[in-house]
Each structure stands twice: as structure tokens, then as C-alpha cells.
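Counting in the UniProt record's numbering, the sequence shown runs from 1 upward without gaps.
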Amino acid sequence: MSFFSFELDPALAADPVFDLHRRGKMTMSATIPLASRDDLSLAYTPGVARVCEAIAEDESLYADYTWTSNTVAVVTDGSAVLGLGNIGPKAAMPVMEGKSVLFKQFGGVDSIPIVLDTQDVEGIIATVKAMAPSFGGINLEDISAPRCFEIERRLDAELDIPVFHDDQHGTAVVTLAALRNAAKLLGRSFGDLRVVVSGAGAAGVAITNTLMAAGVQGANMIVVDSRGIIHAERGDLNGMKAELGAVTNVSGRTGGIAEALIGADVLVGVSGGNIPEEALTGMAPGAIIFALANPTPEVPPAIAHRYAAIVATGRSDFPNQINNVLAFPGIFRGALDVRATTITDRMKVAAADAIAAIVADDLRPEAIVPSPLDPRVAPAVAAAVAAAAIEDGVARRTATPAPAQTRQSV
Numbered sequence: 001m002s003f004f005s006f007e008l009d010p011a012l013a014a015d016p017v018f019d020l021h022r023r024g025k026m027t028m029s030a031t032i033p034l035a036s037r038d039d040l041s042l043a044y045t046p047g048v049a050r051v052c053e054a055i056a057e058d059e060s061l062y063a064d065y066t067w068t069s070n071t072v073a074v075v076t077d078g079s080a081v082l083g084l085g086n087i088g089p090k091a092a093m094p095v096m097e098g099k100s101v102l103f104k105q106f107g108g109v110d111s112i113p114i115v116l117d118t119q120d121v122e123g124i125i126a127t128v129k130a131m132a133p134s135f136g137g138i139n140l141e142d143i144s145a146p147r148c149f150e151i152e153r154r155l156d157a158e159l160d161i162p163v164f165h166d167d168q169h170g171t172a173v174v175t176l177a178a179l180r181n182a183a184k185l186l187g188r189s190f191g192d193l194r195v196v197v198s199g200a201g202a203a204g205v206a207i208t209n210t211l212m213a214a215g216v217q218g219a220n221m222i223v224v225d226s227r228g229i230i231h232a233e234r235g236d237l238n239g240m241k242a243e244l245g246a247v248t249n250v251s252g253r254t255g256g257i258a259e260a261l262i263g264a265d266v267l268v269g270v271s272g273g274n275i276p277e278e279a280l281t282g283m284a285p286g287a288i289i290f291a292l293a294n295p296t297p298e299v300p301p302a303i304a305h306r307y308a309a310i311v312a313t314g315r316s317d318f319p320n321q322i323n324n325v326l327a328f329p330g331i332f333r334g335a336l337d338v339r340a341t342t343i344t345d346r347m348k349v350a351a352a353d354a355i356a357a358i359v360a361d362d363l364r365p366e367a368i369v370p371s372p373l374d375p376r377v378a379p380a381v382a383a384a385v386a387a388a389a390i391e392d393g394v395a396r397r398t399a400t401p402a403p404a405q406t407r408q409s410v
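This is the structure in C-alpha cells:
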């Protein structure tokens, strides 16, 4: 019997998960009253024509007098959804709706979930570029590697609004925050950490680059993919993996995950695979293990604790959840507030440092990052990101806007 057959519908109706998702998790509300003829004449014709004419004459007014100053597109092709894989655009929509709800709840950012019925790189780029004038930023989501790298790079270069692939950079930002605090708690020099990243997909590449941007030496980093350690002499590397091979593992270590972990201080797992316990025995004493695959970590926490002083996962039922919601609402809030044209490495590192600082005075092995529900996180991240954007010269306004007058949704 098909899972989606009519006969099972009563059972689905009784399931609280399906009940919560029925008819979607979000809606649209007006911010203005439409109760009189005057209301209509101001919101629509003839009043709206004056605003249109002003924007036509001076496009810099566009963000001030439309929703674009606070609205992000959440875009996917459904090719790499959570741990479910290539399930397609329609099956991805519940995740995109959820992301939009998180944007609003934690960052006060409006967003529209958009699922594209194409997995062609050029088709995705062309579609996003064509609809970009409707938004102040683009959040790419659940697009598989290696296509995601080209899509983000091209859109970032060709659009004048922030483009951010959260599966890459959101994960990297929170991982950096957690590793900053783990090193501080253990009295380690962050820049001297020997780090192994297991997985060279979207998250693995971004984590590696972000850690190096924050001060970890490339010579001390090793990336492992499904074929083993990435090194410059491997003949099967192309694209982003070749770039990683040129700047990491300068000693040219070869082999698999066990060889990579010999003497390692840190293991960051973003591969979705299984790392055998035997491979962990070569790690340095008092190691740090972030096993971030969901729903099944690469190393079960109970085993990880045998070899590591600090353990983190991507799950909410274990301590130290590395959760993207700590990053993306505040990052976009800060970028939108200063109308940034892009999101720079400095902005990402600033976001990570802001997240880390939330719990810096109360660090414990089981609390190296704040809770995703901590209300301090998004405002702190937004402020840090806005300041970094101004410092990097990518902000079109040099002060965050005053809070808008509160208007009741209708």
C-alpha cells in the first residue's frame, strides 16, 4: 500500500506532525488597514502611482518603499533535502516553509519559500536572477554539491544583494563558534588546532574555508572525502576539491579517515557516513569531536566521549547542537539592515564570534554554544554582521535603521 494512499489518510490526520503541517505553516498578512475608501486610495490606486513614479525616477527609493528591504527568497531545487537526498521540489516545500518561519521568528525577516522544478545549473541561475528584484536577499537551501558552489558563486557575482547558501555557510559559522569556545574551554590555541573534516560536500568545503579564514592554519587541516584524504597529488580532484588540495594537508598525508585522524585535535563530521571507533584511537588526548550528520551522527556520542573532552552533534536531543538557526536569521537581519551587497568572510566570522560570545562567560563541556531558542543570539549576530559589512565596504547604509513604527497585521 502506498504511504500516500487514500486509505491511510485518517491515520495521517491523527498524526500531530501531519496535523501541524496541514495547509502549510505560514501565511501572508497586510501591514496596513483596508477598512475605508481612503485606505484603498492610499494603498492602491491612485496613491500607489505616486510611489511608482518616484521609484522609476530614483531606484534608490525602491527598498524604502517596498517590502524588499526585509524580504528574503528561500530557494531550493529539492536535490539535497535534510538527510533525505534528492526528493524533488514539492517534497522539499515543508522544509522551505519551516525555514521561512524560523527567519520570521528569530530574525524578524520576511521570506518566501520558492521551489524550482529544475536541477539545471544554468536554469537555476537564470530563474533566481530574473526574480531577484522582488527580494533583498537570496537564501539558497538544500541544493546538492558540487552544483551548489557554482550556483552560489555566480549569483553572488551577478546580483547586488546578499546570496547565502545556508547548508554551506550557516553550518560553517556555527561550527566556528563552537570550536572557538571548545578551544577556549580546553586552553588550546585556536590557530594551532589540527583539524580533520570528514566530508567534502557543501558543508565540509565551507567549514574548511571558514576555519582557515578565522585563523586555523591550512597546513594543520585535512579534508577526507569518500575516496580518502584530499591532497594535491590526487589525480581525481576537480573544482572545489582541487582548491582544497592546494591549501590544506601541505605535508601530503595519504590514506583514509584513520590515517587522517592520527594526532588530530579536532574531528568535524559532515559526511553522513560512519566513522569506526578504531579510527578515533589515534586522535590527540582531550580531543574535540563534532559529529554533525543527521539523524545519525558519524560517531555515536557515547563512543565519541571515550576519546574526546568535548562532543557536539547536529541533534537537539544531545548537548551542544550545531544548529544553523543560530546563524542565518541574524546574518540576514544584519545584512538587510545595512543593505549589504554581499556576505563576506569577515561577516561570517563576525557572526560566529557573536554566537560564541553569548555563552563565553559560562562555558561547560556540554554548553559551548547557546540554545537555538536563546533570544539574545539573533540581535547579537545582526549587530556584528552589520558592523563587519560596514567595515568591509559592502554596506549601502552605514547605520542600521531605527525600528519601524509597529503596525498591526490585518
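Just so it is clear, CB atoms sit at the ideal spot from N, CA and C, and this is done for glycine as well.
Since the structure is predicted, the reported quantities are computational estimates derived from the model, not experimental observations.
Below 6 angstroms, is the gap between the Cβ of residue i and the nearest heavy atom of the ligand SAH?
i: residue 88; result: Annotation note on the ligand SAH: not contained in the displayed structure, which lists no ligands.
Rounding to the nearest angstrom, what Cα-Cα distance links residue i and residue j in this structure?
i: residue 349; j: residue 34; result: 44 angstroms
i: residue 112; j: residue 81; result: 17 angstroms
i: residue 38; j: residue 51; result: 16 angstroms
i: residue 317; j: residue 86; result: 26 angstroms
i: residue 237; j: residue 230; result: 8 angstroms
i: residue 392; j: residue 334; result: 14 angstroms
i: residue 322; j: residue 45; result: 49 angstroms
i: residue 100; j: residue 251; result: 44 angstroms
i: residue 246; j: residue 127; result: 33 angstroms
i: residue 232; j: residue 226; result: 16 angstroms
i: residue 134; j: residue 63; result: 10 angstroms
i: residue 299; j: residue 287; result: 14 angstroms
i: residue 178; j: residue 188; result: 13 angstroms
i: residue 36; j: residue 43; result: 11 angstroms
i: residue 65; j: residue 59; result: 10 angstroms
i: residue 234; j: residue 248; result: 13 angstroms
i: residue 297; j: residue 268; result: 11 angstroms
i: residue 253; j: residue 16; result: 50 angstroms
i: residue 14; j: residue 55; result: 50 angstroms
i: residue 259; j: residue 210; result: 24 angstroms
i: residue 374; j: residue 102; result: 13 angstroms
i: residue 57; j: residue 194; result: 56 angstroms
Looking at residue j and residue i, is the spacing between their C-beta atoms short of 7 angstroms?
i: residue 382; j: residue 330; result: yes
i: residue 115; j: residue 89; result: yes
i: residue 363; j: residue 185; result: yes
i: residue 270; j: residue 244; result: no
i: residue 214; j: residue 176; result: yes
i: residue 96; j: residue 118; result: no
i: residue 257; j: residue 198; result: yes
i: residue 110; j: residue 341; result: no
i: residue 163; j: residue 152; result: yes
i: residue 328; j: residue 170; result: yes
i: residue 388; j: residue 346; result: yes
i: residue 172; j: residue 200; result: no
i: residue 154; j: residue 124; result: no
i: residue 320; j: residue 312; result: yes
Can you give the beta carbon distance from residue i to residue j, rounded, assuming they're within the 8 angstroms contact cut?
i: residue 141; j: residue 74; result: 6 angstroms
i: residue 136; j: residue 68; result: 5 angstroms
i: residue 336; j: residue 314; result: Wrong, their Cβ atoms sit about 27 angstroms apart, outside the cutoff.
i: residue 385; j: residue 351; result: 5 angstroms
i: residue 266; j: residue 369; result: The pair is not a contact, with the Cβ atoms about 15 angstroms apart (cut-off 8 angstroms).
i: residue 480; j: residue 378; result: Nothing about residue 480 can be reported from this structure: the residues present for the chain run from 1 to 410 only.
i: residue 83; j: residue 295; result: 6 angstroms
i: residue 79; j: residue 29; result: About 32 angstroms separates the two Cβ atoms, so there is no contact after all.
With a CB to CB cut of under 6 angstroms and the five nearest residues on each side skipped, what residues in its chain are close to residue i?
i: residue 365; result: 310
i: residue 354; result: 380, 381 and 384
i: residue 148; result: 165 and 202
i: residue 41; result: 47
i: residue 283; result: 261, 264 and 307
i: residue 239; result: 146
i: residue 272; result: 293
Only counting the same chain, and skipping five residues up and downstream in sequence, which positions put a Cβ closer than 7 angstroms to that of residue i?
i: residue 303; result: 277
i: residue 20; result: none
i: residue 156; result: 163 and 342
i: residue 390; result: 338 and 398
i: residue 285; result: none
i: residue 93; result: 113 and 115
Enumerate in chain order the residues of its own chain whose CB-to-CB distance from residue i is below 8 angstroms, with the five nearest sequence positions on each side excluded.
i: residue 281; result: 307
i: residue 181; result: 356, 359, 360, 363, 368 and 369
i: residue 376; result: 358 and 370
i: residue 192; result: 217 and 220
i: residue 344; result: 388, 389, 392 and 394
i: residue 255; result: 228 and 229
#### Entry: Secondary structure, beta strand (DSSP E): runs of 3+ residues fully inside the region 191-269
Segments of the beta strand (DSSP E) lying fully in the region 191-269: 195-198, 221-225 and 266-269.
### Complete alpha helix (DSSP H) runs within the UniProt domain "Malic enzyme N-terminal" (23-156) (minimum length 4 residues, chain order)
Restricting attention to alpha helix (DSSP H) runs no shorter than 4 residues, the UniProt domain "Malic enzyme N-terminal" (23-156) encloses them at 37-43, 47-57, 89-107 and 121-131, ordered along the chain.
### Query
What are the complete alpha helix (DSSP H) segments, minimum 4 residues, inside the region 305-378?
Assignment of alpha helix (DSSP H) within the region 305-378, counting only whole runs of 4 or more residues, yields 328-337 and 345-358 in chain order.
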